[in-house]
Structure formats: C-alpha cells, structure tokens
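FYI, the numbering for the sequence shown is 2 to 530, going by my numbering. Here is the structure we will look at, set down as structure tokens.
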Amino acid sequence: MEISKPLLVFFSLVFFNLSFSWAAPDPTYQSLLQCLSEIIPSPNVSAVIVSNNNPSFASILESRIHNARFNRTSTLKPTIIITPSDESLVSAAVICSQKVGFQLKIRSGGHDYEALSYTSDKPFFLLDMYNLREVSIDIPDESAWVQTGATLGELYYHIWEKSNVHGFPAGVCPTVGVGGHIGGAGYGTMIRKYGLTTDYVIDAKIVDVNGKILDRKAMGEDLFWAIRGAGGANFGVVTAYKIKLVKVPEKVTVFRVERFLDNNGTEVAFKWQTVGATTDPNLFTRMLLQPNTNDKQRTVKVTVMGLYLGDINGLLTLLNKDFPELRLNKENCTEMPWIDSVLWWANFDLGTPPNVLLDRNNTDTKFVKRKSDYVQTPIPRDGLESLWQKMVQNEKVGLTCNSYGGKMDEIDPKESAFPHRKGNLYKIQYSINWDDPSIEADIKYTTQAKAVHEFMTQFVSKNPRRAYLNYRDIDIGSAKTWSYEEGKVYGESYFAENFDRLVDVKTAVDPNNFFRNEQSIPPRSTKAA
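Right under this line is the structure:
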C-alpha cells in the first residue's frame, strides 16, 4: 500500500515532534546541564541528568517507589532526576540545584513510608543515590566503607563474601537503602546484643550546602552526632558511612511460634512484654499481632519469632526457663549460619543462595500506611483483651512489636541523635497494606490505622508520645514554613530531648534551610522555604 505524500509529511512531523519533546530539553534542564558542565567539564555529565520527558524517567523513578500511594497520576513528580556516580557529581548537584533555584530531594532506597525523599508539593529535583553503591570490607580492621546508595542486602552479601563470623546490626528488609536506614538509626535482629546501626558508624562523608565534601574530622563532632539518628538529609547529602562490623557465631538459631487467643495467645502476649526486654541479650524476639480468622471466628493471631546468637540447645534452655508459656520445642527452631538467618527474616525459603540479596528489583509495591509507638510499661491483660476487640473491628491493622532492653539500656539517649533507649520495653509498628487504588480505599484503611493508634494512647509513652523516624508518619505533624514551633511538634516525638541540639546543628550548617522536607529539622530562623 502506497502512503500519500501529505500523509508521509504528517507522520514525519509527528515523529519529529515526539522525538524533539525529549531530545531538546527545556530551559531548566539546559541551565542545570550548563552549571554541572562548568563544575565538571566532562562530556558524560548529561548522562546523569534525566528530565521528566526522557523515556527512561518513569522506570528510574518507579524502580525505588515502595509505597503505591505516592505513585498516582496526581503525585507531583520531580522535574529532573540526577543520578550521580561519584561524590564530585553530588557536590555539583547541590551547588547547581541552588543556582537554578530548585529544591533537592535525596533518595537512597525509596522505603520512606511517606515518600518525603522523592515527592513534594512544589517543583523539585531528585538526587537518586542509586549508583553510589560501593561496599568495601576490611576484615582485619573489622570495618567497612559503604556508600549510601547500596542496599542492606548488598552490604550483608559483601560481608558474607569475606567472613562467616561477622555481621552488621541492621534491618531485615534487603532492599532498604543504607543511606536512609543508617541515618535514621536503623535496627535489626541484633539490637539487644549490639544496639543500632548508628552505634557502629565511626566515620562518614557528607556534602554540605556549599558543596564541600567533609569527613568526620572536617564536619566536626556536632554534625557527626546529628547525622547518626536524625537523618542525614536534614543537613547535607551523606555519600558514605564507615561502619564497625560485629562478631556473630558460626551458627545461630531462628524460631517461630504461632498462637491464637483460644490457645494461650493472650498469656503469651502478656508475658512476652517483659521477657522480650529482660532475657539474655543474645536473644531478639519480635511479636506479631494480626487480625485473623480461626474456626470461622474473627480473632487475633499472636506470633513470636526470634534470633538467638547460639545453638538450639542454648535457646531451648533459656526460653524454657524465662518463657515457659511459649512452649518452644525443637521443631520450632532451625540452626543456620548468620547469613542464612538474614534470608530467613526476609522470608526467603531455606536453601536460597545469598546472591538473591543483590536483587534490587521492586516487584510488589502495595498501598501502605505505617505508624509507631514505644511501650514503657506492660499492657495489662484486660488492656490486651480490649486491644483484641479493637483489632477485630479494624480488620487489616497489624502490630509488629520489637523487643528492646539489653544493649539499648546501656547507651545514653544523648550519645547520638536517636533518643529512644533505656526505659522502653518494646517498639510498635502499626502496619496496614492494601491493593485497591481508589481514594475511598485510602481513606478507609488509613482511618483504620489511625483508630488503632488512637486507641493505644493509654498504653504508650507520653509527654511526648514518641515515634520512630524510620517509620515516618506525616500524621504527627508537618512543616509549611519550617518554623521552630512547627518542627517541635514532630521533632520532639522523633528526637525527644535531642531536638533542640539538632536545631542548633541545623542552624550552624544549613541556616537557609536548603535541605528540607515536610518533617525536617528547622533552623532557628528560616530564611528560605
């Protein structure tokens, strides 16, 4: 079939216009590219800038979005994504974003529950740390340098490559980014033995608001204190951490026990509250409370799972003494190398090879809402009974309770920016996931989460009611003008008595408030918002 000349001209023009729409970037792109090229005179600079009309833009943005609530058509997307491959490009991006007049958001792994690292209500650039992912292990020194674009899975894998008796006390989700996790005081299954990720940071590199690359000595102890627990993106762009590794046995033991309420579930939940925080620090336990159906009746399932830094016999001896109500037996337990316990906690099948930890693919993004609390005195039995009723009424909200005590009781709350140490029995994460993309579903399920959280007010920490930064929750409060008064609302929940010192650090290193998000630390006097 022959195409007429007018049609051929028409299709040629359409193709040209479609190609031109992303091949010829807008003035913002050109201004940024020119600025970056002046600082780093390389023909490859353009390769790290992805404008929102580039065919690769959507795949890069969505590859590290872990909450579908913030991937709607109505969500404001970044104008440009910058994907630096070295520190000099990070420095240039900080300088040029200010020169071009755009806010800069910083994303490591994209697990921010409220998406504050990659969304905004005003035009912005996204600095995606994905390509800064080098992990350098030094076993003789028992340390490692890890760039903030690496994932926890990559860190664990590279430790395992070099040693089967070393680990790092970080989280259980392998796709979480190192940058946000460590910066916000990440924790994991060795929290009672060793404490938090931030307790093992011995050096760091940060790009400040002037584009200078600073190590611990150059940044000073106040800023080094602040980036360990308050999130580095408040003060600059952390590009790497130097961490101390910890010793792990050649074999560890994991276990899982489930009980419904009609099979001693309430008694298990009641006793766990004190045992979890007071037993041997080599044992970490997590209690899951989940609405469920058993024998056609709505009820709550109580699950206790744990990691013991020792063998099965040692674990059974310990828990038969400290926690007989659990009725733990050998069949509930599995002995394995520490790296296999990492895979077990990440819900991989036994026998899965460790190289699966290198997989960054984001394959199952759901709509989610999270909230958090700290419990300092045990909830009484009648309080638990009333909680079961509330959970049955709000049928999708689960509670993940993580034991404290041990090393956490030994570290001063002012040692780093993270304050929630001694006096806490356990931390709660309220979790709800759903698949329905409608706004009605969003309202329904976030309301359920709020209802259970509100009900728990009587049982949790007070004055202030404390919350965990890495379980970001915008309901606590948000900044519109970044005044001290606005910041104090959420700042004292996340940082308690450390909030004022954080404000002082912010004022010293970023007085014009360039590095900001809707829950960032404000300077004493905000000049730019």
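The beta carbon of each residue, even a glycine, is placed where N, CA and C say it ideally should be. Remember, predicted model here, so these are calculated numbers, not experimental data.
Can residue i and residue j be called in contact, C-beta distance under 7 Å?
i, j, result
"Q274", "L426", "yes"
"A468", "S439", "no"
"Y491", "Q520", "yes"
"F236", "D511", "yes"
"G110", "T152", "yes"
"L128", "I96", "no"
"L344", "T335", "no"
"W435", "V301", "no"
"T286", "S404", "yes"
"V398", "I433", "yes"
"M306", "R257", "yes"
"Y242", "V357", "no"
"A69", "T447", "no"
"V255", "S164", "no"
"E326", "K272", "yes"
"K370", "A450", "yes"
"G189", "H182", "no"
Mapping the DSSP letters down to three states, classify residue i as helix, strand or coil.
i, result
"H182", "helix"
"N533", "Because the chain here runs from 2 to 530, residue 533 falls outside it and cannot be looked at."
"S462", "coil"
"N403", "strand"
"F349", "coil"
"W483", "coil"
"R257", "strand"
"Q148", "strand"
"I522", "coil"
"S64", "coil"
"T198", "helix"
"A171", "coil"
"K370", "strand"
"K408", "helix"
"F126", "strand"
"S47", "helix"
"V249", "coil"
"T120", "coil"
"A418", "coil"
"V490", "helix"
"K218", "helix"
"Y495", "helix"
"Y375", "strand"
"T364", "coil"
"V208", "strand"
"Y131", "helix"
"T240", "strand"
Near residue i, which residues of its chain fall below 6 Å by C-beta distance, leaving aside the five closest residues on each side in sequence?
i, result
"A24", "Only weak support exists for where A24 lies, its pLDDT of 47 falling under 50; the value from the coordinates is given anyway. Closer than 6 Å at Cβ, skipping near neighbours: no residue."
"T508", "P524, R525"
"D223", "V506"
"T304", "E259, L289"
"H167", "I160, L246"
"A562", "Any answer about residue 562 is impossible in this case: the structure gives the chain only from 2 up to 530."
"D323", "V276, T280"
"D533", "Within the shown structure, residues of the chain are numbered from 2 to 530, placing residue 533 beyond reach of any answer."
Would you give the residue range spanned by the alpha helix (DSSP H) that residue i belongs to?
i, result
"K194", "192-195"
"E163", "In the sequence as displayed, the identity of residue 163 is Lys instead of Glu. Counting along the chain, the alpha helix (DSSP H) containing K163 begins and ends at 153-163."
"D142", "Taken as a continuous stretch (DSSP letters only), D142 belongs to no alpha helix (DSSP H), as it is neither H nor E."
"D501", "500-510"
"L37", "28-40"
"I96", "88-101"
"L224", "222-227"
Tell me which residues share the same chain as residue i and place their Cβ nearer than 8 Å to its Cβ, disregarding the 5 neighbours each side in the sequence.
i, result
"S22", "Residue placement at S22 is poorly supported in this model, since its pLDDT is 40, which falls under 50; the coordinates are not used for a value here."
"A497", "P414, P420, H421, P465, R467"
"D437", "F368"
"V504", "Y485, G488, G492, I522, P523, P524, R525"
Where does the unbroken beta strand (DSSP E) through residue i begin, and where does it stop?
i, result
"Q104", "104-108"
"I138", "136-139"
"D383", "Per DSSP, D383 belongs to no beta strand (DSSP E); it is in the alpha helix (DSSP H), 382-394."
"L358", "Run containing L358: none; DSSP gives neither H nor E here."
"L262", "No beta strand (DSSP E) contains L262, which DSSP labels as neither H nor E."
Residues in the same chain with beta-carbon distance under 7 Å from residue i, minus the five sequence neighbours each way, listed in chain order, please.
i, result
"V245", "Rather than Val, the amino acid found at residue 245 in this sequence is Lys. E143, S144, Y201, I203, listed in sequence order."
"G196", "P170, K408, M409, I412"
"K489", "F500"
"N293", "T300, V301, K302"
"S57", "V51"
At the 7 Å Cβ level, is residue i part of the contact set with chain B, yes or no?
i, result
"V166", "Structure shown: chain B not included; a single protein chain is present."
| said: I'd like the ranges of any alpha helix (DSSP H) spanning at least 4 consecutive residues and lying wholly in the region 273-346. | reply: 313-323, 339-346
| message | Ignoring anything shorter than 3 residues, give me the beta strand (DSSP E) runs that lie fully in the region 424-476, in order along the chain. | response | 427-435
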